[in-house]
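Asks:
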Amino acid sequence: MSARKIKSALTKKNIPVERVEYVRGCPTPSGYANGWDIDISEETVEQIYMKDEVASPEQNNEFDTLSDVLDWVESLPAL
1 MSARKIKSAL TKKNIPVERV EYVRGCPTPS GYANGWDIDI SEETVEQIYM KDEVASPEQN
61 NEFDTLSDVL DWVESLPAL
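Residue numbers (the UniProt record's numbering): 1 to 79.
#1: Since A9 contacts V20 with CB under 8 Å, what's their CB separation in whole angstroms?
#2: Are L76 and K13 close, meaning C-beta to C-beta below 8 Å?
#3: Any chance the stretch 25-32 sits against the stretch 41-51, with 3 or more Cβ pairs inside 8 Å?
#4: Could you compute how far the alpha carbon of E74 sits from the alpha carbon of I6?
#5: How far does the beta strand (DSSP E) with V73 in it reach, from first residue to last?
Here you go:
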């Protein structure tokens, strides 16, 4: 259900998404972590930077909570 909320929020801003996935037990240098992975295309990242140079649309985004993801989406410009 939360993946749908994320996709919907990105769709409202006309930002296509390649992958929205909640990952459990992903190995990190400090141990195992859970969180959201959001992938958008390199072309879309360039479009976002052209609209807003201070936006942070990195290609592979990792977030701990749904709230973090939705705050990030809110900070992106509409395409």
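Think of the CB as a built atom: it goes at the ideal place given N, C-alpha and C, for glycine as much as any other residue.
Replies: Taking the geometry as given:
#1: Here the question's residue 9 lines up with position 9 in the sequence shown. Here the question's residue 20 lines up with position 20 in the sequence shown. The pair is not a contact, with the Cβ atoms about 10 Å apart (cut-off 8 Å).
#2: As a first step, residue 76 is located in the sequence shown; it is residue number 76 there, counting from the start. As a first step, residue 13 is located in the sequence shown; it is residue number 13 there, counting from the start. Going by C-beta atoms, L76 is nearer than 8 Å to K13.
#3: no
#4: Here the question's residue 74 lines up with position 74 in the sequence shown. Here the question's residue 6 lines up with position 6 in the sequence shown. About 11 Å.
#5: One-based indexing of the sequence shown puts residue 73 at position 73. Judged by DSSP secondary structure, V73 falls outside any beta strand (DSSP E) and instead within the alpha helix (DSSP H) spanning L66 to S75.
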